[in-house]
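Numbering (my numbering), first residue to last: 8 to 440.
All C-beta atoms, glycine included, are put in the ideal place defined by N, C-alpha and C.
Keep in mind it's a predicted model, so treat the numbers as computed, not measured.
A short write-up of the structure that comes next.
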Ligand code: GLU
Ligand code: MG
């Protein structure tokens, strides 16, 4: 047997694709990578190929990063993969590499805010072949039914160098939630990819199947991805908290939050990028339906999280804001890049956040919503893409080639499910995520 390492990228479709090479060639591959094709970026989550400006032309390299290595031991077999960067043959970052897109957003944050980002992705998923576990929302029996899978998953996350935080039986049927500790910069998005891949692998080895599809049943709850963010200044101290700020936010956090909320309708197509994502983003599902700031409000798209620490230094370290309008159809790098750019825009423009909400916004009229600075978020992927396309500021955060490629990509995905009803769409997405 030859040990193989899978060099991987998480692409515009949020899929993890790449090529494997013999492990004893690692030194060479760390320098030269494996060959990659520009048009691969247009492979949708359903394996159709969207219109590509690159056609059959061009060559790229996918270079594995030794700092993003996973080796998960399944007792008898090991799954090895390394996330990497897509570069041109000259070694320059490729414009559509999702890690490069995130890196440039993080550099902007450093430039305009003088801070680096700490982020933790909180994930919900569902097991699909385990039989229906009824009446077990947050239940112990529901947890025990999958204790083996949960323990194996947490071990694999630790092996990958991540910090397992907690795991539980979530509210929905066969739904679980896994939480890891925060990571710095690009590593936070890498970690999200690792969580998803290791969950799927662990379930597969247990004879089950895990899906991160945004929603499995239009009448039930969705699988959210909640992105927790905090900021570190040059000295490595938390720059997120100010006891005298709005909901405890520092000036920087408040402006960042205001930017995210101001541009949320135009970045939604990047953070909730599937057709069925919009079945989840409806009121009363504890997801996100408005561009509101939540204080102790899980119906908010951006939530100021509670802090349990008591001393000022620990409070400052724990304090974070949570972006809830994301799901796992989104590449974590791309989703985080969009949120960070929106936050940077808020910092640059010196925006102030709206008042936090603690009420049911679905009861307000459109006029009342508008008067208070809130909008109902786009209700379809088409509408979200139209907002993205129409927003020059948002498109301008990305290289020129990004918007036309992304829009064509998503049109091909939409075409794939166009004739299906909502249930069939959920089923199709559950097969790919
Ligand atoms: N399932 C909800 C979502 O789609 C989140 C529930 C929770 O607050 O954990 O985002
Ligand atoms: Mg949850």
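Beta-carbon spacing of residue i, residue j below 9 Å
i: residue 61; j: residue 46; result: yes
i: residue 163; j: residue 205; result: yes
i: residue 232; j: residue 130; result: yes
i: residue 330; j: residue 308; result: yes
i: residue 277; j: residue 342; result: yes
i: residue 14; j: residue 27; result: yes
i: residue 220; j: residue 139; result: no
i: residue 153; j: residue 134; result: yes
i: residue 171; j: residue 126; result: no
i: residue 195; j: residue 79; result: no
i: residue 245; j: residue 326; result: yes
i: residue 419; j: residue 57; result: yes
i: residue 259; j: residue 385; result: no
i: residue 409; j: residue 116; result: no
i: residue 401; j: residue 348; result: yes
i: residue 215; j: residue 271; result: no
i: residue 6; j: residue 43; result: For the chain, the structure presents residues 8 to 440; residue 6 sits outside this window and is missing.
i: residue 213; j: residue 179; result: no
i: residue 238; j: residue 187; result: no
i: residue 395; j: residue 297; result: no
i: residue 379; j: residue 370; result: no
i: residue 440; j: residue 335; result: yes
i: residue 253; j: residue 360; result: yes
i: residue 76; j: residue 198; result: no
i: residue 311; j: residue 363; result: yes
i: residue 236; j: residue 314; result: no
i: residue 49; j: residue 412; result: yes
i: residue 292; j: residue 365; result: no
i: residue 191; j: residue 146; result: no
i: residue 306; j: residue 290; result: yes
i: residue 323; j: residue 247; result: yes
beta-carbon residue i near the ligand MG non-hydrogen atom, thresh 8 Å
i: residue 301; result: no
i: residue 231; result: yes
i: residue 177; result: yes
i: residue 131; result: yes
i: residue 184; result: yes
Supposed contact pair residue j and residue i - C-beta distance, whole angstroms, cut 8 Å
i: residue 142; j: residue 182; result: So it is not a contact: roughly 13 Å between Cβ atoms.
i: residue 119; j: residue 351; result: 5 Å
i: residue 113; j: residue 193; result: 7 Å
i: residue 95; j: residue 19; result: The Cβ separation is near 18 Å, so there is no contact.
i: residue 288; j: residue 294; result: 5 Å
i: residue 354; j: residue 266; result: 7 Å
i: residue 89; j: residue 100; result: The pair is not a contact, with the Cβ atoms about 17 Å apart (cut-off 8 Å).
i: residue 283; j: residue 222; result: 5 Å
i: residue 7; j: residue 423; result: Nothing about residue 7 can be reported from this structure: the residues present for the chain run from 8 to 440 only.
i: residue 91; j: residue 40; result: 7 Å
i: residue 358; j: residue 262; result: 6 Å
i: residue 225; j: residue 429; result: 4 Å
The ligand GLU heavy atom lying under 8 Å from the CB of residue i
i: residue 281; result: no
i: residue 106; result: no
i: residue 346; result: no
i: residue 101; result: no
i: residue 294; result: yes
i: residue 305; result: yes
i: residue 41; result: no
i: residue 202; result: no
i: residue 331; result: yes
i: residue 228; result: yes
i: residue 269; result: no
i: residue 24; result: no
i: residue 287; result: yes
Test: residue i CB closer than 9 Å to a CB of chain B
i: residue 286; result: Among the chains in the structure shown there is no chain B, since it carries only a single protein chain.
- Item | Complete runs of the alpha helix (DSSP H) confined to the region 229–301 [at least 4 residues] | 258–278 and 284–287
- With a floor of 3 residues, list each beta strand (DSSP E) that falls wholly inside the region 156–244, ordered by position along the chain. With a minimum length of 3 residues, the continuous beta strand (DSSP E) runs that stay inside the region 156–244 are 171–176, 182–187 and 232–239.
- Completely contained alpha helix (DSSP H) runs for the region 367–422, where each covers 4 or more residues: Runs of the alpha helix (DSSP H) lying entirely within the region 367–422 and spanning at least 4 residues, in chain order: 373–378, 388–397 and 399–402.
- Where in the region 63–114 do unbroken runs of the beta strand (DSSP E), each at least 3 residues long, occur, reported from the N-terminal end onward? 67–80 and 85–94
- Task: Entirely within the region 121–154 and at least 4 residues each: give me those alpha helix (DSSP H) ranges in chain order.
- Result: 147–151
- Query: For the region 310–360, which segments carrying the beta strand (DSSP E) assignment without a break, of at least 3 residues, lie completely within its bounds, in sequence order?
  - Reply: 328–333
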